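Sequences listed follow chains P and H, in order. Numbering follows the working numbering, with no gaps: position 242 of the first sequence is 606. Numbering follows the working numbering, with no gaps: position 185 of the second sequence is 197.
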Amino acid sequence: MSVLQTWLVQALFIFLITGSIGVLLDPCGRINPESPVVQLGSNFTAVCVLKERCMDYFHVNANFIVWKMGHFTIPKEQYTIINRTAASVTLTDVTSLNIQLTCNILTFGQIEQNVYGITLISGLPPEKPKNLNCIVNEGKKMMCYWDPGRETYLETNFTLKSEWATEKFADCKTKRDTPTSCTVDYSPVYFVNMEVWVEAANALGKVTSDHINFDPVDKVKPNTPRNLSVSNSEELSSILKLTWINSNIKNVIRLKYDIQYRTKGASTWSQIPPEDTASTRSSFTVQDLKPFTEYVFRIRCMKEDGKGFWSDWSEEASGITYEDRPSNTPSFWYKIDPSHSHGHRSVQLMWKTLPPFEANGKILGYEVTLTRWKSRLQNYTVNDTKLTVNLTNDRYIVTLTARNAVGRSDASVLTIPACDFQGYLAESKCYLITVTPVYADGPGSPVSIKAYLKQAPPSKGPTVRTKKVGKNEAVLEWDQLPVDVQNGFIRNYTIFYRTNIGNETAVNVDSSHTEYTLSSLTSDTLYMVRMAAYTDEGGKDGPEFTFTTPKFAQGEIEAIVVPVCLAFLLTTLLGVLFCFNKRDLIKKHIWPNVPDPSKSHIAQWSPHTPPRHNFNPKDQMYSDGNFTDVSVVEIEANDKKSFPEDLKSLELFKKEKVSTEGHSSGIGGSSCMSSSRPSISSSDENESAQNTSSTVQYSTVVHSGYRHQVPSVQVFSRSESTQPLLDSEERPEDLQLVDNVDGGDGILPRQQYFKQNCSQQETSPDISHFERSNQVSSVNEEDFVRLKQQISGIPQSCGSGQMKMFQEVSAADAFGPDTEGQGERFKTAGMEAVLDEGMPKSYLPQTVRQGGYMPQ
Amino acid sequence: MPTQTTGRTLLSLVLGLLFASMAAMGSCPGDFHVLLGQLQKQAHAMQDPSSLLDPYMRIQGLDFPQLREHCTERPGAFPSEGALRGLGRRGFLRTLDATLGLVLRRLAAVQQQLPEAGRLGRPPAARPRAQDLEMLKMARLNILGLRNNIFCMSRLLGSSWDVAEPTQAAPGTSPPPTPDPGAFQRKLEGCRFLRGYHRVLSSAGQVFGEWGKSPSQGHRHRPPRALPEDASRARPSRRGRRLVPRGQLPR
């Protein structure tokens, strides 16, 4: 019971105490916000709200509020009275990281009573984490690291997030001491891409880094290759073979290696070329090493494609290359004991040990060979670096080789002169004096110098020659004088050169030169040059040498000739092109056609149209019946008459003929010269021949229509001079035979042959006659009859009456019942005649229908 | 105005779907060959019995030569290589995914039983080694990773994972009901099952290798062919090639 009373008393006491403390601790007001965190440099406003109880008790209101930062009272200007119970304060540009802000009231007018206080924390929001990367240490879990950005002055949490396309992994939260890295708690799965990013958050904000997407196998840092060992090869002293054990990652990825080596004691590493170690391996042979040298190696590896990280360097391993034969000869000298007995002397041979890089191994001994003049050898094998031998006073040759386990060095040779050697020195002879210091441990480096007992002028001068000769300069060269003829030290050379008429010029040249360029020479001039070499005692001239400078410099002629030739060629080419383009005009003015009409006459019809002249496709067209008539007109030139006007008409006719399809111009140009072919020629050369000589005949064969008219008649015209007639003309029976054959074949069913021979020298008694084929139409027959009648009235001499005859024939044919094409052709021909009215009329071979003439 | 609202809604819907699709593919390789290479390497690594079967046998106390001889794949438990080759690409992926899902479930069951096994008062020598348990965890992660890549490849081939497509009806997915033969037989059955799992991954590696040789790398479908189990006998060369792993792991 007493216990219960005691407990109740205690409880009441505690209740009373607690109540009084609560009253005492109850503040008179509050500041809002209570735990503010603001960004550095920003403004902050706090509000203090008084409680009514305190206001009544202390007789105050919001006007009595005083704000303080620590012990510093904030100026009233920063206050704002909100209402009777509340007032605020605004802090501008907060720069302090931690501010104690208190709200106070002035009681009784002057006593400052604290109402409430808060701690204002300021800082910065987190920056976006940068340079996020991850590393997978082989056999360990993945660790990612990043650059957190600026200091925030606030507690900032970094969370590493990672996921697959189908799985999301647990967040990795950084530890307080390592806020810039985080190691995930799951093992990395190779060959599965994952996405990783970092989220940084503090009281002022949250920000996320860029996401990175990678296959963890590309972030692997393999374990270091282990058990690196080095072994040498007895066969090759320049190699060492490295072997090691790869980490287990080689079962997953292919590796490449980085191998470095150095000689023991050296500080810098050499590297094996990366391309030699770019694939998975467990051994490598290093080449080009020095024999019998200790090397230190280390190795590291990484993924073959370079993705990921290098492993750490392995522990260093060293090895020594195998020995090789000594690469150099030992330095070798001798010392003669001056107290020698008669006939013999004691000679001490001594040499230096080879340095390791020349010994290439452990030197097992030295071999010394002594050879007296033409006597047998004496061999000694020595382990020491000196040897004392008793020699005669003769001259000896001593050789020394060093030997190791692999082989011997080359021999070092030394000559021990004979004891009675007298030091006779000749004048003007060059001697090489060598001094070798001999130390206790062997000889030092020798020093040599050339010397003369007494100098003299050279016994021979240098021989100079030209190396290159230009228009105004020449390069001279010479050889150094042989030592035997120098007789002293050559101090300088002097070059003398002159022309035939000029003074001699001298140029001094240093003795070290063997070449000199003479400049300012005159072109196309003969020069004589000689050279002297001088010692301290005088000089000696060499032989004289002559050369001639060229008139032109190299390439100068080409520079002139080539442009001239090109200009000439260009001019010629332009001239030819001009002549070619204007050939008609030139021909007209310079080389007019001047026929000799006096030798022309209307020739005879030639029935001998060889079938082979139907090679023209247009001719083939006539064989199916369209080919109607073939007329041959032979025109003989009359010697007695000259018709210059005819030339123009003839030219016009020729042009028309050329422009008309189906014309067979140019073929059979020599018909008048051959008995087997009819007279069919109108080629230019025939015309030319006619122009140049009156004895050349020309003729024309017209196979097709004129100016697109269907030909019904072919006209063979020939103008000939006094040349003898063709066989066919001389023997008309031959022509008749051919005519009959053609008619029998029916190839030319309506062919007519109009043969007219106006030649005064015609041997045939018939001046003119007609020959008609059997297929001539009745209308044509009438035309021919009328034409025959007209022609029969023509005088023997084909003179001016021919013009009338042409006109009449034209008029008759123009109304002939022929094809439309023929009519058209005649119409065109008539127009030509009108156009040519102003021109002098001439006798021209014309295409006529059914043996008629078309005047032009 | 209503038209504009509807247009905006549609546009936002399309963009949302597009974004969601891209987000789903966020960590998938975008290149067919890269992804195929990853699948091949995964299959190659996971076909190795040391990645799952060996630790399982050690954990289950089956690591004896005589038992190893009996630990052979039960015929019909998994689709044969010929059957896998006969499937179209999507069908193949789906079948492989289903097989892996089955393995995951069996693996989870094994892992659940292991704590019980540890409490059975086994002598320390018979307790599962931590390394083997870790290997089981790693095997599970690897299977999940392979399924992830299968998902990525399926997306890359343009197929929807939800579209129903016939898969090779692996008998293993519905093993014939057999009377509970006891714990030992269950362990042996698990061993045979895992033997088949490794074999399937080997076959899958071969099929992926064929994909790499195929001129068409895009979405190409071969008509599903239900090859008989011994269809692969008709291709001795392929079968022979399967016996020899195509890609040697690096030294």
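Where is the CB? At the ideal position from N, CA and C, for every residue including glycine. Remember, it's a predicted structure, so these values are computed and weren't measured experimentally.
Per the coordinates, the alpha-carbon of N425(P) lies some 13 Å from the alpha-carbon of T444(P). Residue state for N161(H) is assigned as helix, using DSSP reduced to three classes. Taking 8 Å as the threshold, the shortest C-beta distance from P41(H) to chain P falls below it. In this structure R664(P) is in contact with S675(P), their Cβ atoms being roughly 5 Å apart against a cut-off of 8 Å. Taking 8 Å as the upper bound for CB-CB distance, R759(P) and A782(P) are in contact here, some 4 Å apart. The C-beta of L153(H) comes closer than 8 Å to at least one C-beta of chain P. Residues of the segment 544-576 of chain P whose Cβ lies closer than 8 Å to any Cβ of chain H, in chain order: Y550, S551, V553, Y554, F555, V556, N557, M558, E559 and H575. Linking I950(P) to F932(P) through their CA atoms gives a straight-line distance of about 22 Å. The segment 507-537 of chain P is shown to contain whole beta strand (DSSP E) runs of 3 or more residues at 521-527, in chain order. When secondary structure is reduced to three states using DSSP, L119(H) falls in the helix class. At a cut-off of 8 Å between beta carbons, Q50(H) contacts chain P. Here DSSP, grouped into helix, strand and coil, assigns C418(P) to helix. Straight through space, the alpha carbons of A642(P) and S602(P) are spaced by roughly 22 Å.
Residue contact check for A95(H) against chain P: no CB pair falls below 8 Å. Residue-level contact by beta carbon holds for A529(P) and chain H, with a gap shorter than 8 Å. For D579(P), the nearest CB of chain H lies under 8 Å from its own CB, placing it at the interface with that chain. DSSP assignment within the segment 48-103 of chain H yields no whole beta strand (DSSP E) run of 3 residues or more. The shortest C-alpha to C-alpha distance from A820(P) to any of Q850(P), I395(P) and C536(P) is the one to Q850(P).
Taking the beta carbon of R159(H) as reference, the chain P residues within 7 Å of it are T530, listed in sequence order.
Using a C-beta cut-off of 8 Å, the segment 535-555 of chain P makes no contact with the segment 463-480 of chain P, since fewer than three inter-stretch Cβ pairs fall below that distance.
Considering only L65(H), Y209(H) and L169(H), the residue with the shortest C-alpha distance to R102(H) is L169(H). At a cut-off of 8 Å, the C-beta of V616(P) has a neighbouring C-beta in chain H. Counted as a single uninterrupted DSSP element, the stretch harbouring Y686(P) is not any beta strand (DSSP E), since DSSP gives it neither H nor E.
Using a 10 angstroms sphere on the CB of F472(P), the tally of other CB atoms stays under 16, which defines it as exposed.
Judged by their CB atoms, N160(H) and V556(P) are nearer to each other than the 8 Å cut-off. Between M895(P) and I921(P), the gap from beta carbon to beta carbon reaches 8 Å or more. DSSP lists F860(P) as the bridge partner or partners of A870(P). Boundaries for S215(H): no beta strand (DSSP E) harbours it, while the alpha helix (DSSP H) harbouring it runs A195 to K225, taken from the DSSP string. At a beta-carbon threshold of 7 Å, the residues of chain P lying near F163(H) are A529 and T530, ordered along the chain. Assignment of H575(P) by DSSP, reduced to helix, strand and coil, places it in the coil class. Per the Cβ contact rule, the segment 668-685 of chain P is in contact with the segment 591-606 of chain P (3 or more Cβ pairs under 8 Å). In the structure shown, L404(P) falls within a coil segment according to DSSP collapsed to helix, strand and coil. Within chain P, S551 have C-beta atoms less than 7 Å from the C-beta of M150(H), given in sequence order.
E476(P) is bridged by DSSP to L470(P). Any Cβ of chain P closer than 8 Å to the Cβ of Q54(H) would place that residue at the interface, and such an atom is present.
If you look at G903(P), you'll find it in the beta strand (DSSP E) that goes G902 to D905.
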